[in-house]
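The opening position of the sequence shown corresponds to residue -14 in our numbering, with each subsequent residue numbered one higher. Every residue gets a Cβ at the ideal spot worked out from N, C-alpha and C, and that includes glycine.
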Amino acid sequence: MHPSPTTTTSSPPPPLTQTLTLINHLLSLLLISTLAVKSFLGRWQSIRTKLTLLKSSLSEISDSDSDSWSENPLLQDLLPNLLSSLHKTYSLSQQCQNQTSTGGKLLMQSDIDMSSASLSAHLHDIDLLLKSGVLNRQSNAIVLSQPGPGSAKEELSFFIRDLFTRLQIGGIEFKKKALDSLLQILNEDEKSSILVAKEGDMRYLIHLLDSNHHSSVREQAAVAVSVLVSSSDSSRKCVFEEGGLGPLLRLLETGSMYLKEKAAIAIEAITADPENSWAVSAYGGIPVLLETCRSGSPLAQTHAVGAVKNVSAIDEIRGCLAEEGIVPVLIQLLTSGNCCAQEKASNCLWILASAGEDFRVSILQEGGLQALLNLLDESSNPDTLEHVLRSVYALSRSSSTIRILSSSTSFLIQLCDAIKNGTIVIQQISASILCNLQMSDFQKRSISSCMGSLVKMIMTESSKPVGLQESSAQALISLLAAKSNRKEIVRDEKSILRLIQMLDPKNESSVVNKKYPVSVVSAILAGSSHGCRNKLMSAGAYSHLQKLAEMDVPGAKKALQRLSGNRLKNIFSSRIWKE
């Protein structure tokens, strides 16, 4: 919006209807005057075209359905400025008719170009105001109030269009008030973001992030964009498609701390959509994100590493992350970041460690395993523990990692505690790690207290989560290799009862899942302990195994043979035992 012309009188400005009359009169004079100019004919032809368009647009304002157009605060600023610009243009046209300019040809040419640009800006603002539809609103309150909760969609849509009109036409105060209203709408109802993205001009809102705008306007715009991309898939998609990611990355690189934090929040939300993540690299954003992870504020670090975690899932981007030194950055956050940053950093390490041997080697060389184990000991956040254990599991593909983990008594105790007290996902990951370890009988005895939990995990429905029964059974079988653990589990009546229930063919579990309790029973009987055999026999395991053997459940015949010894040969024909 152009500044109002300087005035030397203290009298109140004339009503807008009078101003519009003066403008129309001056437009008519200018259209005649431009025909009589004798120099710069091409430039004046362009100005004449703009004057014709202005006259047409202004006639739409005066002919609008609403008689209250003159109360619109945007016109109260726009029309006087337009009148001032027309006066200057008329003066220039008179000079070009009489060739009375004393400033020289170049100065006159510059003045004409400036006048033409000013008319273009006025024309743009008036057309924008007309397209918004706010002048046709049948209301005495052109200064619209915020629609209350439960307002009709049409009313809210109109308010949003009016709001974005003020953003584009008004000065700083208009923009700030419009952004205040926009943020109020977005904060009151998350669903409103969809309507804002549809009715508002997202491209212009993103344009307000540029450094040439007032700092307070940039800050409000950054908050609005951050809320929009975090509220709904459609508004996030709209911001991205209108080119929002690039300006946000520039804010993250060069903005104030407050702007960097808002930009980081928005970038993390945008990259949560895999279809958008690739663009971070295209905009040169990888170094910017990693530098924020290194030296940003705690809030900026948290969301920047969240964005890094999102983009690390893209194969093509992982190479760029490696070149920029992502691994030491993540390990630094494990040790010095806040809880949320630690969670996201450990999640990202899991993604990288699962992606290939090169990343696993890098993580181990940078001390990542020890940092993960320290965090496992210090953190009580279930999400962080889950990602830490996932990372450890991914690193356990390395034989050196297995040796370190197997020799760490404190880690084994943590693993045992996780199996007993963790979420079901943590339990499964812990059991999977336990399966890979190479423990002595002494170590297996030291964590025998988790065997009852492993039995309960085998009973869990096979779909919650996938692979839980298998990893639990394998971990339990590993522990049962220690003789004392076999004796201990048969003394646990609840565990034995659960195993017998799982063996029962009448149990609703599928036949395929019977192989897990069968394998556990077979492991208990591996040492040919009469006490273990008698305990299982008295609990009813024999009849269940007999039926499962007849059903050809994997391992059932072997378990039955161990349970009954050589007596079984007198019961079954050799055909049954033929493998």
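In chain order, Ser42 place their CB closer than 7 Å to the CB of Asp112, counting only its own chain and leaving out the 5 sequence neighbours on each side. Going by beta carbons, Ile404 and Ser381 fall outside the 7 Å limit. Looking at Thr74, Leu461 and Ser415, the one whose alpha-carbon comes closest to that of Val506 is Leu461.
Within the model, the alpha-carbon separation for Ala254 versus Glu227 is close to 15 Å. In the three-state DSSP reduction, Val22 falls in the coil class, being neither helix nor strand.
DSSP places Cys223 inside the alpha helix (DSSP H), whose first and last residues are Asp218 to Glu226. For Tyr501, the enclosing alpha helix (DSSP H) begins and ends at Lys500 to Ile509. Within its own chain, the residues whose Cβ lies closer than 8 Å to the Cβ of Ala209, once the five positions on either side in sequence are excluded, are Leu164, Leu167, Leu168, Leu171 and Leu190, listed in chain order. Distance from the CA atom of Met242 to the CA atom of Glu173, rounded to whole angstroms, is 26 Å. Boundaries of the alpha helix (DSSP H) around Gln350: Glu342 to Gln350.
When DSSP assignments are scanned along the region 409 to 461, the uninterrupted stretches of alpha helix (DSSP H) that are 4 or more residues long and fall wholly within it turn out to be 409 to 421, 426 to 431 and 436 to 444.
When secondary structure is reduced to three states using DSSP, Lys491 falls in the coil class, being assigned neither helix nor strand. Look at Pro259 here: in three-state DSSP terms it is helix. CA-CA distance, Ala544 to Ser456, rounds to 20 Å.
Here Lys23 is exposed. Its C-beta has fewer than 16 other C-beta atoms within 10 Å. Around the C-beta of His515, fewer than 16 other C-beta atoms lie within 10 Å, and the residue is accordingly described as exposed.
For Met187, the enclosing alpha helix (DSSP H) covers residues Met187 to His192. Rounded to whole angstroms, the separation of the alpha carbons of Val265 and Ile271 is 7 Å. Shown here for Asp362: same chain residues with a beta carbon closer than 8 Å to its own, the five before and five after excluded, namely Ser395 and Gln399 in chain order.
Val224 is positioned such that its CB atom lies closer than 7 Å to that of Leu213.
The count of Cβ pairs closer than 8 Å, one atom from the region 461 to 472 and one from the region 480 to 492, stays below three, leaving the stretches out of contact. Looking at the backbone, the Cα of Ser101 and that of Ser78 are separated by about 12 Å. Taking each of Leu233, Pro367 and Lys40 in turn and checking the Cα distance to Tyr268, the smallest one comes out for Leu233. In the three-state reduction of the DSSP assignment, Lys176 falls in the coil class.
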